[in-house]
Amino acid sequence: MCGVNVICFQEAWTMPFAFCTREKLPWTEFAESAEAGLTTRFCQKLAKKHNMVVVSPILERDDVHGGTLWNTAVVISNSGSVLGKSRKNHIPRIGDFNESTYYMEGNTGHPVFQTQFGRIAVNICFGRHHPLNWLMYSLNGAEIIFNPSATTGELSESLWPIEARNAAIANHCFTCAINRVGTEYYLNAFTSGDGRNAHHDLGYFYGSSYVTAPDGSRTPGLSLCVTEVDLNLCRQVGDKWSFKMTGRYEMYAEELMKAVQPNFIPNIIKE
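Okay, so the sequence shown: first residue is 1 according to the UniProt record's numbering, each after it adds one.
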């Protein structure tokens, strides 16, 4: 009804965000095939019916590789075909959020999907805290980077308005920060790594989804955000500021290769 061309749901939109309860069951029962699962087939029908690209973040079960679980975003074309998928690159280990119990770090790299409405990428949740993660999607040509998330007020609300906005500026692209809304209560109390007593919820998912343009302008934070974007701004702002053109990527790559070696010696000059 709003004339939307591309829609992205929140992280793991088909289920409660139960990856911090430490219970495998019943939560792993939500996992499904990215290519042929019920959710993907449902979204394929809607994408074709409404001429809309759908980004559907789900808990993926990879039966080809022993039933491995992944936190995955499926990208469905407005034609109804599955363009591909992007898996979550960074898994949090903070407070309640220790998701390594459930799924692995992604292995799909930084894919960008060419759609009728622009080149899009999906930087899932905790990846927004890693500037190089945004950069790699941008280097692969993304014009719009979606960040489907599930994050709570006590943990991250001070960071939320800043990170995706900074990424849009630094990478000459649009960014879409998407969060859950409300509180989800679990029958069995669970503990976390922050020393708190056992509790039944993760806190309040504060919503505040927003879109930022390459020039740093942004929408208000809303529970449901519909935005019209002008993709010409990606090139126009890039021509003005030239952040990507003036980036010293060869130098960064050379120094990063040294930094990840076990015998790395930091370049600190002393008297």
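The beta-carbon is built from N, C-alpha and C at its ideal position, and this holds for glycine as well.
Residue i vs residue j beta-carbon contact at 9 Å
| i | j | result |
| --- | --- | --- |
| Y186 | A73 | no |
| W13 | T21 | no |
| P128 | A164 | Correcting the residue type first, residue 128 is Arg in the shown sequence and not Pro. Yes, they are a contact pair. |
| V6 | V64 | no |
| F264 | P214 | no |
Assigned exposure category for residue i - 16 Cβ within 10 Å defines buried
| i | result |
| --- | --- |
| G37 | buried |
| G3 | exposed |
| I162 | exposed |
| A189 | exposed |
| I268 | exposed |
Alpha-carbon spacing of residue i relative to residue j, whole angstroms
| i | j | result |
| --- | --- | --- |
| P266 | L159 | 29 Å |
| R61 | L69 | 5 Å |
| T227 | Q261 | 44 Å |
| C225 | T219 | 8 Å |
| E143 | A259 | 30 Å |
| G80 | N133 | 28 Å |
| I94 | H172 | 30 Å |
| T101 | G193 | 13 Å |
| H53 | N71 | Sequence inspection shows Val at residue 53; the His mentioned does not correspond to that position. So the alpha carbons of these two residues sit roughly 20 Å apart. |
| E255 | L25 | 44 Å |
| V211 | E271 | 48 Å |
Length at least 3, wholly inside the stretch 89 to 147: the beta strand (DSSP E) runs in chain order: Given a length threshold of 3 residues, each whole run of the beta strand (DSSP E) inside the stretch 89 to 147 is given here in chain order: 113 to 115 and 118 to 122.
Contact the stretch 162 to 181 vs the stretch 199 to 218: 3+ CB pairs below 8 Å: Yes, the stretch 162 to 181 touches the stretch 199 to 218.
Take every Cβ of the stretch 118 to 130, pair it with every Cβ of the stretch 81 to 92, and state whether three or more of those distances are shorter than 8 Å. Verdict: yes, contact present.
Run through the stretch 193 to 269 for me and flag every whole beta strand (DSSP E) of 3 or more residues, listed as ranges in chain order. Fully enclosed beta strand (DSSP E) runs of 3 or longer: 199 to 201 and 210 to 212.
If we count Cβ pairs, one from each stretch, closer than 8 Å, do we get three or more for the stretch 132 to 139 versus the stretch 106 to 123? Inter-segment contact for the stretch 132 to 139 and the stretch 106 to 123 is present: three or more beta-carbon pairs are separated by less than 8 Å.
Ignoring anything shorter than 4 residues or poking outside the stretch 14 to 78, list the alpha helix (DSSP H) runs there in chain order. Listed in chain order, they are 38 to 50.
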